[in-house]
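Residue numbers (mature numbering (1 follows the signal peptide of the UniProt record, and there is no 0)): -27 to -1, 1 to 572. Contents: one structure, followed by commentary.
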Amino acid sequence: MNLHKIKFKPILVAMLMIFNLFSIAYADGEDIYDINKLEKKQREEEEEKRQQLSRDYNVGVTLEASFPTLSKDKNYDINIGVNNNGGVNIEKATMKISSLPEGISLKSESSLTQDVGVVNVGHKSQVTYNIVTSNSIKDGTYPITFELKAKYGTQYDNYKDYSTTKTFYIKIKNNKVATDNTNYKPFIISDVSHVASINEGEVADLSFKITNPNSEAIDSVKITVEPEEGLVNSTQAIFIENNFSAGASKTYTVKLFGKDKAQKKNYSVKMTVESALPPSSTQNTTDDDKKTKSLPSSSQYTGIFYNAPKEKDPSSDKDSTKNKPMIMVQNYTYGNQEVLPNSKFPLTMTFINTSSNKAMTNIKISLSDDGTFTPVNSSNSFFIGKLSPKESASRNLVLSVKPDAETKTYPLNIDYIYQDESGNEITAKDTISIPVMQKTLLQIDEITKPQDVMTGEPVTVSTSFYNLGKTKISNIKVVGSGDFEVSGEPSYFVGSLEAGKSDSFSLTVTPKDEKKVTGTFTFTYETLDGQTHTVEKPFDFEMSPIELPPMDDEMMPKEQTKKNYVAYIIGGIAIIAVVAVIIKKKKNKKKMQELDLDE
C-alpha cells in the first residue's frame, strides 16, 4: 500500500506537466488563430481600399440635353438625360434646378428637385421638367443650371457623395410683328448737294441720292421734293419708281428759285421717300405667319437761303440794288468721314463775291447754331479784308460735336457784315447743313473656355455681346464654325439689339481633336446707314481630357508580401509546437503504461 502511494506521486507530477503543456499549446493555438484572423481582416481592408480607390477614379456621370427654340406664353416639356459613363453604379440620385432665369418658371405641379434613383454603369436615365414661358419674355438665350447629387460605393465605406452641375441654354424666339421683322427698311437719302444761297433771278440745282437697303425689290416707290412756301420747284416735284431693285441707288435733281416777293431768309426743302400705294395695299400678308410688310417713310431736310432784293426807294437810282455786291458760300467740306458725336472735324468753306463789277471790303463772317457745334481753339468769326468781283476766299476751322448729339442733319447759320465801295454797310445771312451720325459699337466678350470633360464628351463654348453705342443695331446674326461637330443649331439670329442691351450665344460641340477645340464666332449686323458689317471672334483652347486610370498590380499595397512572410513563419512555429506536445504526450503515456506493468 505504501509502495503504491510512493509510485503514484510521479504520475500526478507527469499529469500536471502534460496539462501545463496542453494549456501552453492551447494558448499558443489561440494566439495563432488570432494572428490569422487579424491578417485576414487586414487583407480584406486593403482589398476594399483598392476597390474604393478604383471606384473614386471611375465614377463619372454626364448630363445631356437638347432643347428646341421656345416662344413666349407657352408650356414645354424639357428632358435632361443622366448618362453613367463611369465605372461604378450611382444610387439615391436626385436632379435639381439651381436657378431659373426671369421669365421662365415651372408648372405648379412640377418640383425643382426630382428623383432619379439608381443608374447602373453604361445605362441612362431621364428627368422631365414642365416649364412655362411668360408672356413678357424677350428674345434671347437664357441659362438654366442643373445639379445632380448621388451616392456610390458600398455600405462598408458608408457610401460616397457625388455631385455634378451643368448649365444648358434655352433659346427664346418670338414670332412677333415688329418693324425689323415685318417692315421693309426705310430708304436712305444721302449725297444732298446744292448751293448755299441764291439771289433774285437765280436757280439752285438740288440733287440727292436714294438707296434701297433691302434684300428685295420694292414696288411703287414715291419720291417727293417739297420746298417751303417762298421757293418754287420749276421741275418735277414727284417721282414714281415702279420697281426699285434691291441694293440699288438713284440720283434725282430738281431746280428751285425764289418766288416773287419772297422774304429774305433760309427756306427748308423736304425730301421724302415712301410707298406710292395706300396703307391697305402695301401690307402684304402671307398665309403662313399672318405678318404684314410695309415700307416706312424716310425724310431728309436741307436749307437754301434766298437773298430777296430790298424794296426800291423811288428817290434812289434804279440800278442801286442790282449793283450791290453779294457774298455767299461757294462750297464747303467737313472731312472725308462721318461726323460723330463727341468728336472733332475740320470745316472748310469757300466764299465768293458774286458781283461782276463791285468789290467788297471789311468782311466779317460769324457762325452760329443750336449748340451742337463748338469751335476748337478759335473764334466762331473770321475776317476777310477784301474780295474783288468774282473773287473767292477759303477759311478753315475745327469744330467739336457735343456728346449727346442725335443722328440727324444740323443747320449751321452764317452771318455776313461787309462794306461796298461806297462804304455802305451790308448784312446778309447764309446756312449750310452738316449731318451727324451716332457711332455703332458692338462689344463682344472673349470666348469662354470650356471645362475639361471625359474623352469623347461634348463641350460648351459661349460668349456675350453688348450694344455699347447709342443707336439700335439691326439684323444681328451669329454663326459658329470650326474643327468640331455641332449639337443643335450652329447659328443664332438675334434681330435688333437696342442701345445698352446685351445677349449671349453658346454652342455645344464635340471636337475632332480631343486635346483642343478651335473655331470662330462670326457676327454680322447692320448700322443705321444701311451698311453691313462683319466681326470674327476666333478661339483656340487646349483641352485636358479626363481618362480612366490603369488598374494593374502596381496599385496593390506592397506590405502584403512582407506580412504574408510573417504569417508563414508564425504558422510553422505553431505546427512545430503542437507536434512537440503530441510527441511528449505519447512518451508520457508510454511511461505510464510501463509503470502500470511494474505494479
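Here a beta-carbon is modelled for each residue, glycine too, at the ideal position from N, C-alpha and C. All figures in this text were calculated on a predicted structure; none of them were measured in a lab.
At what residues does the beta strand (DSSP E) containing Lys45 begin and finish? Position 72 of the sequence shown, counting from 1, holds the residue named residue 45. No beta strand (DSSP E) contains Lys45, which DSSP labels as neither H nor E.
Flag this pair as touching only if the segment 469 to 479 and the segment 447 to 456 have three or more C-beta atom pairs under 8 Å; answer yes or no. yes
Which runs of the beta strand (DSSP E) at least 3 residues long sit entirely within the segment 310 to 397? Give them in chain order. 317 to 326, 333 to 341, 346 to 348, 354 to 360, 365 to 374 and 381 to 392
Cα separation between Leu85 and Asp425? Position 112 of the sequence shown, counted from the first residue, corresponds to residue 85. Position 452 of the sequence shown, counted from the first residue, corresponds to residue 425. C-alpha separation (whole angstroms): 27 Å.
Enclosing beta strand (DSSP E) for Pro484 [first to last residue]: By one-based count along the sequence shown, residue 484 stands at place 511. Taken as a continuous stretch (DSSP letters only), the beta strand (DSSP E) holding Pro484 covers Ser475 to Pro484.
Answer with buried or exposed for residue 579, where buried requires no fewer than 16 other C-beta atoms within 10 angstroms of its C-beta. Residue 579 is absent from the structure shown; the chain starts at -27 and stops at 572.
Roughly how many angstroms lie between the CA atoms of Val150 and Pro269, to the nearest whole one? The residue you call residue 150 lines up with position 177 of the sequence shown. The residue you call residue 269 lines up with position 296 of the sequence shown. Legend: pLDDT at Val150 = 44, less than 50; position of this residue unreliable, value from coordinates given subsequently. Approximately 14 Å, taken between the alpha carbons.
Close-in-space but distant-in-sequence residues of the same chain around Ser341 (CB under 6 Å, 5 per side omitted): By 1-based counting over the sequence shown, the position of residue 341 is 368. Within the same chain, Ser341 has close Cβ partners Asn386.
Identify whether Leu73 lies in helix, strand or coil by the three-state DSSP scheme. Taking the sequence shown and counting its residues from 1, one reaches residue 73 at position 100. In the structure shown, Leu73 sits in coil (DSSP, three-state: anything other than H, G, I, E or B).
Count the other CB atoms, across all protein chains shown, that sit within 10 Å of the CB of Asp513; report buried if there are 16 or more and exposed otherwise. If you number the sequence shown from 1, residue 513 lands on position 540. The residue is exposed, with fewer than 16 neighbouring Cβ atoms inside 10 Å.
For Val176, count the other beta carbons within 10 Å of its own beta carbon; 16 or more makes it buried, fewer makes it exposed. Which is it? Here residue 176 corresponds to residue number 203 of the sequence shown, with the count starting at 1. Label assigned to Val176: exposed.
So what does DSSP say about Ile171, is it helix, strand or coil? Taking the first residue of the sequence shown as 1, we reach residue 171 at position 198. If DSSP states are grouped into helix, strand and coil, Ile171 belongs with the strands.
Hey, which unbroken runs of the beta strand (DSSP E) at 3 residues or more fall wholly within the segment 194 to 247? 204 to 206, 211 to 217 and 222 to 231
For His506 and Val451, what's the separation of their Cα atoms in angstroms? By 1-based counting over the sequence shown, the position of residue 506 is 533. By 1-based counting over the sequence shown, the position of residue 451 is 478. Approximately 12 Å between the Cα atoms of the pair.
Output the distance between the C-alpha atoms of Ser83 and Asp112, rounded to the nearest integer angstrom. The residue you call residue 83 lines up with position 110 of the sequence shown. The residue you call residue 112 lines up with position 139 of the sequence shown. Straight-line Cα distance between these residues: approximately 25 Å.
Best match in Thr321, Asn131 and Ile171 for proximity to Leu370 [C-alpha to C-alpha]: Within the sequence shown, residue 370 is the residue found at index 397, counting from 1. It is Thr321.
Going straight from the alpha carbon of Ile104 to that of Phe141, what length do you get? Residue 104 sits at position 131 when you count from the first residue of the sequence shown. Residue 141 sits at position 168 when you count from the first residue of the sequence shown. Straight-line Cα distance between these residues: approximately 14 Å.
Coarse secondary structure for Ile555, derived from DSSP in three states: Translated into positions along the sequence shown, residue 555 becomes position 582. In the structure shown, Ile555 sits in a helix (DSSP, three-state: H, G or I).
Length of the line joining the Cα atoms of Thr413 and Lys237: In the sequence shown, counting from the first residue as 1, residue 413 sits at position 440. In the sequence shown, counting from the first residue as 1, residue 237 sits at position 264. Each residue's Cα considered, the two are about 40 Å apart.
Classify Ala210 as buried or exposed, calling it buried when 16 or more other Cβ atoms lie within 10 Å of its own Cβ. One-based indexing of the sequence shown puts residue 210 at position 237. Flag for Ala210 reads exposed.
Contact set for Lys488: own chain, Cβ-Cβ below 6 Å, skip 5 residues either direction: Locating residue 488 in the sequence shown gives position 515, where the first residue counts as 1. Cβ within range, chain order: Met516.
With respect to the beta strand (DSSP E) encompassing residue 636, which residues constitute its N-terminal and C-terminal limits? An answer regarding residue 636 cannot be provided, because it is not within the stretch -27 to 572 covered by the chain.
Closest by C-alpha distance to Gln411, when choosing among Lys232, Lys422, Ala378 and Lys133: Translated into positions along the sequence shown, residue 411 becomes position 438. Per the Cα distances, Ala378.
Reference Val432, options Thr347, Ser475, Ile77 and Ile519, closest by Cα: The residue given as residue 432 occupies position 459 in the sequence shown. The option with the nearest alpha carbon to Val432 is Ile519.
Taking three-plus beta-carbon pairs below 8 Å as touching, is the segment 118 to 126 in contact with the segment 58 to 71? yes
Distance, Glu12 Cα to Ile556 Cα: Counting from 1 along the sequence shown, the entry for residue 556 is found at position 583. Counting from 1 along the sequence shown, the entry for residue 12 is found at position 39. Roughly 30 Å between the two C-alpha positions.
Could you tell me how far apart the beta carbons of Asn56 and Val34 are, in whole angstroms, since I believe they sit closer than 8 Å? Taking the sequence shown and counting its residues from 1, one reaches residue 56 at position 83. Taking the sequence shown and counting its residues from 1, one reaches residue 34 at position 61. Contact holds; Cβ gap of about 7 Å.
Put Asn93 into one of helix, strand or coil per three-state DSSP. Taking the sequence shown and counting its residues from 1, one reaches residue 93 at position 120. The answer is coil: DSSP assigns Asn93 none of H, G, I, E or B.
Counting C-beta neighbours from all protein chains within 10 Å, is the total for Ser161 16 or more, i.e. buried, or is it exposed? Start at 1 with the first residue of the sequence shown, and residue 161 comes out as number 188. The sequence shown places Ile at residue 161, rather than the Ser named in the question. That one is buried.
Cα-Cα separation between residue 640 and Leu501, rounded to whole angstroms: Examination of residue 640 is not possible in this model, given that the chain is present from -27 through 572 alone.
Would you list the one or two residues that DSSP bridges to Gln416? As a first step, residue 416 is located in the sequence shown; it is residue number 443 there, counting from the start. Gln416 pairs with Tyr439.
Where do the N-terminal and C-terminal ends of the beta strand (DSSP E) with Gly455 fall, by residue? Sequence index remark: in the sequence shown, residue 455 carries index 482 (1-based). From DSSP, the beta strand (DSSP E) with Gly455 extends over Ile446 to Gly455.
Nearest-angstrom Cα separation, counted from Ser166 out to Thr224: Along the sequence shown, one-based indexing puts residue 224 at 251. Along the sequence shown, one-based indexing puts residue 166 at 193. Whole-angstrom Cα-Cα distance: 11 Å.
Would you kindly work out how many angstroms separate the C-alpha atoms of Pro282 and Val205, rounded to a whole number? Taking the sequence shown and counting its residues from 1, one reaches residue 282 at position 309. Taking the sequence shown and counting its residues from 1, one reaches residue 205 at position 232. So the alpha carbons of these two residues sit roughly 17 Å apart.
Got a sec, what are the start and stop residues for the beta strand (DSSP E) Ser271 sits in? Locating residue 271 in the sequence shown gives position 298, where the first residue counts as 1. Unbroken beta strand (DSSP E) run through Ser271: Ser271 to Asn280.
Output the distance between the C-alpha atoms of Ser81 and Thr106, rounded to the nearest integer angstrom. Counted from its first residue, the sequence shown places residue 81 at position 108. Counted from its first residue, the sequence shown places residue 106 at position 133. Straight-line Cα distance between these residues: approximately 13 Å.
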